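In mature numbering (1 follows the signal peptide of the UniProt record, and there is no 0), the protein residues as written are -23 to -1, 1 to 876. Data first, discussion second: the structure below is written as structure tokens.
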């Protein structure tokens, strides 16, 4: 039996063991100088006390701090949020890092550090092994001293605003394994010294402005597994030395200006899974050994080059292939009779825009979807292709929208082949049927001529009736009662009469645009817009564009002239830029815009960032706020800086276009018109007075006002806050449901209510939640059913630029007192009355809000554009309609006085 002394001794030993184990597991910071450095860093970056509490030990309590032997070896502030004071003037203020001499890892990704990388990084942080500064808003050039950080193994500087050349001194970083400079504005050539980075496994310099050739030394980096140089202006040929990279898994050289033929040496890349070399100027035939056996290739994209001859048969038989895109080349010949492997994966195939011909082969069974358009295939369509293929512009039987008989017959005759003549055994129909065809053709021509004559007569009669009615009414005002003086001119000039086309970009030929858009195939179709069909295209110089094809037989002739007139009169960095036009065809006109890499807001709010991952990621809050401010800046320009004020009339997510930096350009400008009630009678006023989808005012009259844009913009803001796709494009019934669900959760007095409707995919802390809350308040004010009580767009812009002032600046009592003054302070005018302008929104049911918006059903359209940061378009001096402050932000006492 164990005595009491033995029990006491055993207990004491257990306590000592537990204490020793706990002390071993809990690292504590032993250096006072390092603690002082951390506190200085906490202050300079404005970090919150909840993340780095001052009185706690950094090694054991502080978030993101890693210690070893009593010293700080790792700092991770990725995604941290600053304090309220810290957000007012964020900078690249990390001087305290110089005192952390044992630091081996610094990760500040997604933490804003606006400013350049300091030169002392390469002089003091010599122990650093990992440097991750992606998405930090870093700018300017990479310092040459960075080459002194020879212990670096990982350097990630992606998605910033870095500019200038890559310093050649980086070739000294011999231990570097991961190097990522993607999505910046870096210029110059790739340093030849990169050939010394023998340990490199990842090299990503995509989406910059690099020029020159690909250094041959890249082919000596034998450990390289991921090489992405896409989205630059690299020229010359692909170096054959890339064939030495036998560990390479992912090769992306797309969207450059590379020329020449593909080197056969690339066939040695047996571990390659992705080969992306589309959108270049490569030519010649594909090497026979380019696709070896066995092969691991899963994605092959060769689109929009100048490749010729036939596709290698092995390309069709690769068992692992998932995506094959060879569209927009000069490939030709018959499809091979390749055998299908039983365990082969399904493939998405795009072979459009080439000159393939002959019958459709059984190998197409493997394609889960195939685009065959823009070729010369003949014969019948197999049953297994019906429903999962596109066949336009071929020579196939029993299907519409094919090439003409003459085109197909001449194509096959030039190759010494007999065309099946859409089902006939010879190249021409039998004599009886040929005569019958001529007879039918003559009847059709005669009927067309008579029908056209009848249409002309009807149009002339209607025009005469219209002129008689107009003459009878004299100078009556057709826009409504009491809206301004009557124009002195009775007949406006013909639209487009004074347009200076030389100032509206380049004049393209039809053949140029036909080639750029691959014969306007369905593959390049973006959407059917209400003013024309939108197609992707690539010009001869490699610049991506969007081409709007306008069919004058279905769209009003003056519409494209009015849009050209608009671009000749108005210019702003927040509007989609016009690259040029093609007006040579009588029944078809074309407008060419700059391409927007990130599409529109409706497609970018949730998007697939990784082709290997089917999950969707949403835009972060900082990007959403940036988009909202950019759109407000564009609308503020139209409303307050144009004379007369212009109404967009199609404000929705699909009209907010985003460049590669998520800067906003407003598209869908074909619906734009002058605000109803303006008295100016300039030429642009007359040209832009179009039939309108409108909002119903209090008097029941049909109007097109800036307040309508504000209402639609409120829908966009609500979509950004909630992440509910389709709010901005919803009709009255759908909008009623949205408002009933969401408006009760937006209160100026209770921040927590808004959490019930905030997009659950957003990662936001307390400070950012206040910004979300502020945007929701602004959205609710924009959605006021009474147009006169909606804020002006210039004030909305100011509020989105300073969202915290909406909820923090003033108390309710002082705001009400100051907002009633017609000459109140700027803060009171912009921010002080948000809480009061919301009261009647909450009080009026959603049905009333929907009824007040009358024609709020929106069209689906969008025109990709380009980047641009723009100037502040919200200046008060530009408004010719300065109103009493309580008309803009009315106080509670005004609610009863509203109609």
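Glycine is no exception: its CB is placed at the ideal position from the N, C-alpha and C atoms. Since this is a predicted model, take the numbers as computed values, not measurements.
Q.
Going by C-alpha to C-alpha distance, which of 180, 627, 436 and 780 sits closest to residue 598?
A. In the chain shown, counting from the first residue as 1, residue 598 sits at position 621. Considering only alpha carbons, the answer is 780.
Q) What does a CB cutoff of less than 7 Å around residue 114 pick up in its chain, not counting 5 residues either side in sequence? A) Within the chain shown, residue 114 is the residue found at index 137, counting from 1. 89, 90, 91, 137 and 138.
Q: Let me know if residue 603 comes out buried or exposed under the rule of 16 or more other beta-carbons within 10 Å of its beta-carbon.
A: Walking along the chain shown from the start, residue 603 turns up at place 626. It counts as buried.
Q | Cut-off 6 Å between Cβ atoms - residues of its own chain near residue 572, not counting five sequence neighbours on either side | A | Within the chain shown, the letter at position 595 stands for residue 572. Closer than 6 Å at Cβ, skipping near neighbours: 521, 522, 523 and 841.
Q: Tell me residue 355's beta-bridge partners as DSSP assigns them.
A: Locating residue 355 in the chain shown gives position 378, where the first residue counts as 1. DSSP, once it has assigned bridges, lists 372 as partnering residue 355.
Q) Name the DSSP beta bridge partners of residue 366, please? A) Position 389 of the chain shown, counting from 1, holds the residue named residue 366. The secondary-structure analysis by DSSP pairs residue 366 across a beta bridge with 347.
Q.
Give me, in chain order, the residues of the same chain whose beta-carbon lies closer than 8 Å to that of residue 459; leave out the 5 immediate sequence neighbours on both sides.
A. Indexing the chain shown from 1 puts residue 459 at position 482. Confidence in residue 459 is poor, its pLDDT being 28 and thus under 50, which makes the residue's placement unreliable; the coordinate value appears in the next sentence. Answer for residue 459: no residue qualifies.
Q: Taking residue 755 and residue 783 to be in contact with their CB atoms under 8 Å, please state how far apart those CB atoms are, rounded to whole angstroms.
A: In the chain shown, counting from the first residue as 1, residue 755 sits at position 778. In the chain shown, counting from the first residue as 1, residue 783 sits at position 806. Residue 755 to residue 783, Cβ: 7 Å. Contact.
Q | Proximity to residue 398 [Cα-Cα], best of 357, 431 and 434 | A | By one-based count along the chain shown, residue 398 stands at place 421. When 357, 431 and 434 are compared, the shortest CA-CA separation from residue 398 is found for 357.
Q: Following the continuous alpha helix (DSSP H) through residue 773, name the residue where it begins and the one where it ends.
A: As a working note, residue 773 is residue 796 in the chain shown. Taken as a continuous stretch (DSSP letters only), the alpha helix (DSSP H) holding residue 773 covers 770 to 778.
Q: Within the same chain, show all residues whose beta-carbon is closer than 6 Å to that of residue 609, passing over the 5 residues directly before and after it, in chain order.
A: Taking the first residue of the chain shown as 1, we reach residue 609 at position 632. Same-chain partners within the cutoff: 773, 774 and 777.
Q) Near residue 741, which residues of its chain fall below 7 Å by C-beta distance, leaving aside the five closest residues on each side in sequence? A) Counting from one through the chain shown, the residue named residue 741 turns up at place 764. So the qualifying residues of the chain are 598 and 749.
**Q.** Residue from 560, 44 and 494 whose Cα sits closest to the Cα of residue 82
**A.** Here residue 82 is taken as the residue at index 105 of the chain shown, counted from 1. With distances taken between CA atoms, residue 82 lies nearest to 44 out of 560, 44 and 494.
Q: Give every residue of the same chain whose Cβ lies closer than 8 Å to the Cβ of residue -17, excluding the five residues on either side of it in the sequence, and list them in chain order.
A: Along the chain shown, read from residue 1 onward, the residue named residue -17 stands at position 7. Closer than 8 Å at Cβ, skipping near neighbours: no residue.
Q. According to DSSP, is residue 795 helix, strand or coil?
A. By 1-based counting over the chain shown, the position of residue 795 is 818. Confidence at residue 795 is low in this model, with a pLDDT of 34, below 50, so the placement of that residue is unreliable and no value is reported for it.
(Q) Taking the straight line between their C-alpha atoms, what separation do you get for residue 508 and residue 566? (A) As a working mapping, residue 508 is identified with position 531 in the chain shown. As a working mapping, residue 566 is identified with position 589 in the chain shown. Separation of residue 508 and residue 566 (C-alpha to C-alpha, rounded to the nearest whole angstrom) is 11 Å.
Q.
I'd like to check one pair, residue 625 with residue 612: are the Cβ atoms closer than 8 Å?
A. Translated into positions along the chain shown, residue 612 becomes position 635. Translated into positions along the chain shown, residue 625 becomes position 648. Taking 8 Å as the Cβ cut-off, residue 612 and residue 625 qualify as a contacting pair.
Q: Return the chain-ordered list of same chain residues with a C-beta closer than 8 Å to the C-beta of residue 366, the five sequence neighbours on each side being excluded.
A: The count along the chain shown starts at 1 and reaches residue 366 at position 389. Excluding residues within five positions, the ones whose Cβ falls inside 8 Å are 341, 344, 346, 347, 348, 349 and 358.
Q. Where residue -19 and residue 33 are concerned, what is the direct C-alpha to C-alpha distance, given to the nearest angstrom?
A. On the chain shown, residue -19 is found 5 positions in, with the first residue counted as 1. On the chain shown, residue 33 is found 56 positions in, with the first residue counted as 1. Approximately 39 Å, taken between the alpha carbons.
Q. If residue 702 and residue 579 are in contact, beta carbons under 8 Å, what's the gap, nearest whole angstrom?
A. Residue 702 sits at position 725 when you count from the first residue of the chain shown. Residue 579 sits at position 602 when you count from the first residue of the chain shown. Right, their Cβ atoms sit about 7 Å apart.
**Q.** For residue 517, the three-state DSSP class (helix, strand or coil)
**A.** Here residue 517 refers to the residue found at position 540 when the chain shown is read from its first residue. Coil.
Q.
Please classify residue 614 as buried or exposed, where buried requires at least 16 other C-beta atoms within 10 Å of its C-beta.
A. Taking the chain shown and counting its residues from 1, one reaches residue 614 at position 637. The residue in question, residue 614, is buried, as its Cβ has 16 or more Cβ neighbours within 10 Å.
Q) When the Cα atoms are used, what is the spatial distance from residue 107 to residue 155? A) The sequence position of residue 107 within the chain shown is 130, counting from 1. The sequence position of residue 155 within the chain shown is 178, counting from 1. About 9 Å.
Q: Could you check if residue 390 is buried or exposed, using at least 16 other CB atoms within 10 Å of its CB as the buried criterion?
A: Here residue 390 corresponds to residue number 413 of the chain shown, with the count starting at 1. Here residue 390 is exposed: its Cβ has fewer than 16 other Cβ atoms, across all protein chains shown, within 10 Å.
Q.
If distances are taken between C-alpha atoms only, which option among 387, 24 and 306 comes closest to residue 254?
A. Translated into the one-based positions of the chain shown, residue 254 becomes position 277. Taking only the C-alpha atoms, the option nearest residue 254 is 306.
Q. Taking contact to mean at least 3 C-beta pairs separated by less than 8 Å, is the region 57 to 69 in contact with the region 96 to 103?
A. Here the region 57 to 69 does not lie against the region 96 to 103, with fewer than 3 beta-carbon pairs under 8 Å apart.
Q. Would you report the Cα separation of residue 601 and residue 173, rounded to the nearest angstrom?
A. Here residue 601 is taken as the residue at index 624 of the chain shown, counted from 1. Here residue 173 is taken as the residue at index 196 of the chain shown, counted from 1. The straight-line gap from Cα to Cα measures roughly 41 Å.
**Q.** For residue 551, three-class secondary structure by DSSP
**A.** Position 574 of the chain shown holds residue 551. DSSP places residue 551 in coil when its eight states are reduced to three.
Q | Residues of its chain near residue 537, where Cβ-Cβ distance is below 6 Å and the 5 sequence neighbours each way are ignored | A | Indexing the chain shown from 1 puts residue 537 at position 560. Contacts found: 527 and 566.
(Q) Is the separation between the beta-carbon of residue 189 and that of residue 163 shorter than 8 Å? (A) As a first step, residue 189 must be located in the chain shown, where it is residue number 212. As a first step, residue 163 must be located in the chain shown, where it is residue number 186. Not closer than 8 Å, so no.
Q | First through last residue of the alpha helix (DSSP H) which encompasses residue 229 | A | Numbered from its first residue, the chain shown carries residue 229 at position 252. Per DSSP, residue 229 lies in no alpha helix (DSSP H); the unbroken beta strand (DSSP E) holding it starts and ends at 227 to 229.
(Q) Is the separation between the beta-carbon of residue 744 and that of residue 64 shorter than 8 Å? (A) Residue 744 sits at position 767 when you count from the first residue of the chain shown. Residue 64 sits at position 87 when you count from the first residue of the chain shown. Residue 64 is positioned such that its CB atom lies closer than 8 Å to that of residue 744.
Q. By Cβ distance, which residues of its chain are closer than 6 Å to residue 715, with the 5 residues on each side in sequence left out?
A. Along the chain shown, one-based indexing puts residue 715 at 738. Excluding residues within five positions, the ones whose Cβ falls inside 6 Å are 704.
Q.
With a threshold of 7 Å on Cβ separation, who are the neighbours of residue 894 within its own chain once the five nearest residues in sequence on each side are excluded?
A. Here the chain comprises residues numbered -23 to 876, so residue 894 is not present and cannot be evaluated.
**Q.** Which of helix, strand or coil DSSP assigns to residue 627
**A.** Taking the first residue of the chain shown as position 1, residue 627 is located at position 650. DSSP places residue 627 in coil when its eight states are reduced to three.
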